[in-house]
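Note sheet for the following structure.
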Amino acid sequence: MTRFHANLLLTFVALIWGSAFVAQNRGMADVGPLLFTGVRFLIGSVVVLPFALLEWRRLGRAGRPLVKLDGLHIAGLGFLMTLGAVMQQVGIQFTSVTNAGFLTAVYVPLVPVLAWLLLRQVAHWSVWPAAAGCLVGAFLLSGAHELRIGLGDLWVAGSAIPWAVHVLMVGRWADRMGAPFLVASGQFAVCGVLSLIAAFGMEPVHWSGLVAAAWPIAYTGVMSVGIAFTAQVVAQRYAHASDAAIILSAETLFAAACGYLMLGERLNTAGLIGCGLMLACILLVQLMPLVRTLRRRQILTNPSN
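For the sequence shown, the positions run 2 to 306 when the working numbering is used.
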């Protein structure tokens, strides 16, 4: 898979996540966020499990079985996923949706910074203005006019750290193991179990609520977790982490589009400008590296020029 094709796959991931916003919104009317998260991630793990088992057997036949360190990496990804989701949900209880939507997008510029600090990966220059532009676009799209920092805001902003580290490490560890389905199914199972443990300790759990939210849970479990998160693991073996963070931020755009089509929501002028700015930044980070590649090819083809 080329870097360009990986970026296209990540765009498809963002589309699924954006469409799942409607199902998540409706599902919250019947169950708590931790219970919803736990059940849907376990469903996602089961969806990917057959492919993970085939992958396990393939690695065994090839003489490359996973070792204990690989299992720790998978558990670490699941823990990061759980930590980000739980911190975000805790913060949402004490802040506005507007602030939460904007502060979650902090992970976009955080990824290239962490990639440089932790992995010494130098991103293409276009990543920096694109990351800043996505952050401004998310602010405009959220409809915010001012940002007052409170306890809930700090929890949501803090959730950007595990999300950013997850985006940074998922491609690195999945590529090293050569087992994207095992990585995906394993991290989903860890996240699902940890979220359910937290749900039984912090939320009312009723079977009637699960039955009422069955369709939203099933859709997000199969599509958002089983398909989209697995596609993210596959694509990030070939995509730069900074590119992935910016492209995945298009989830906000697709969520707005689905809200428009399915819930009758409308954007004001600031929201439309925010959508346009985020779209421009996503195109910038994908096209600028291609321009440099085309120039190099032209120089190699016509060295006299």
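Where is the CB? At the ideal position from N, CA and C, for every residue including glycine.
Sub-8 Å separation of residue i and residue j beta-carbons
i           : j           : result
residue 242 : residue 197 : no
residue 226 : residue 28  : no
residue 4   : residue 240 : yes
residue 211 : residue 32  : yes
residue 83  : residue 262 : no
residue 161 : residue 230 : no
residue 279 : residue 251 : yes
residue 275 : residue 42  : no
residue 37  : residue 214 : yes
Coarse secondary structure for residue i, derived from DSSP in three states
i           : result
residue 74  : helix
residue 157 : helix
residue 6   : helix
residue 233 : helix
residue 126 : coil
residue 240 : coil
residue 250 : coil
residue 29  : coil
residue 170 : helix
residue 67  : coil
residue 95  : coil
residue 121 : coil
Environment of residue i [buried if 16+ CB atoms lie within 10 Å]
i           : result
residue 133 : exposed
residue 174 : buried
residue 51  : exposed
residue 117 : exposed
residue 205 : exposed
residue 35  : buried
Same chain, Cβ closer than 6 Å to residue i, neighbours up to 5 away in sequence not counted
i           : result
residue 10  : 232 and 236
residue 282 : 131, 134 and 135
residue 217 : 24, 27 and 28
residue 271 : 141
residue 98  : In this prediction, residue 98 scores a pLDDT of 49, lower than 50, which makes its location untrustworthy; no coordinate-derived value is stated.
Close Cβ partners of residue i (< 7 Å) along its chain, the five nearest in sequence each way excluded
i           : result
residue 71  : 178
residue 248 : 8, 11, 12, 15 and 283
residue 166 : 81 and 115
Close Cβ partners of residue i (< 8 Å) along its chain, the five nearest in sequence each way excluded
i          : result
residue 68 : none
Three CB pairs or more closer than 8 Å across the region 74-82 and the region 176-193
yes
Count the C-beta pairs between the region 9-23 and the region 193-212 that are closer than 8 Å, then say yes if the count reaches three, no if not.
no
If you pair each beta-carbon of the region 185-192 with each one of the region 77-92, do three or more pairs fall below 8 Å?
Contact between the region 185-192 and the region 77-92 is present, with at least three C-beta pairs closer than 8 Å.
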